[in-house]
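Q: Residue 407 in our numbering is what sits at position 76 of the sequence shown, and the numbering runs on without skipping anything.
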Amino acid sequence: LAEQPPGRLVAVGPHALALDEYLRTRVLELVVHSVDLSRATGVPHGLPGPALEAACALAGSLAARAGRAEEFLMAVSGREGLPPGFSVV
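1. In the DSSP assignment, what residue or residues form a beta bridge with Val343?
2. State yes or no: is the C-beta of His346 nearer than 7 angstroms to some heavy atom of the ligand SAM?
3. Which value, in whole angstroms, describes the spacing of the CA atoms of Ser408 and Gly377?
4. For Leu389, is the classification buried or exposed, using 16 other Cβ atoms within 10 angstroms of its Cβ as the cut-off for buried?
5. Could you pull out every unbroken beta strand (DSSP E) segment of at least 3 residues lying fully inside the stretch 335–407, listed in chain order?
6. Give me the Cα-Cα distance between Leu359 and Ala371, rounded to the nearest whole angstrom.
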C-alpha cells in the first residue's frame with residue numbers, strides 16, 4: 332500500500348473511489364460483520380479500538396453525506412432511537 336501513488340482510484344462497480352476511502356469502507360464492513368458473527372456465536376470479537384473508531388467515524392460521515400446526520404447524532408447521544416430501517420450503508 333505504501334507504494335501506491337497518491338490519489339489512486341479503485342473501481343467499485345461503475346464507480347471509482349480513492350484508495351484510502353475504499354480501504355475505509357472495507358474496515359467498516361469487516362467491523363460490522365465481525366460484530367454480527369460475535370453476536371451470533373457468543374464469541375467475543377476482540378476488535379482493536381482503532382478499527383472500531385474508524386468504523387464509527389465513517390458511519391457518521393456517511394450519515395452526514397446522506398443528509399441524516401441529525402438522526403444519527405440524536406441516536407448515538409441517547410436522545411432518540413433510530414427510525415425503522417435506518418442505515419447509512
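Heads up, the beta-carbon is just placed ideally off N, CA and C, and yes, glycines get one too. Here the structure is a predicted model, which is why all the values come from computation and not from measurement.
A: Short version:
1. His346
2. With respect to small molecules bound, the structure shown includes none, and the ligand SAM cannot be examined in it.
3. 24 angstroms
4. Buried, because 16 or more other Cβ atoms sit within 10 Å of the Cβ of Leu389.
5. 340–343 and 346–349
6. 18 angstroms
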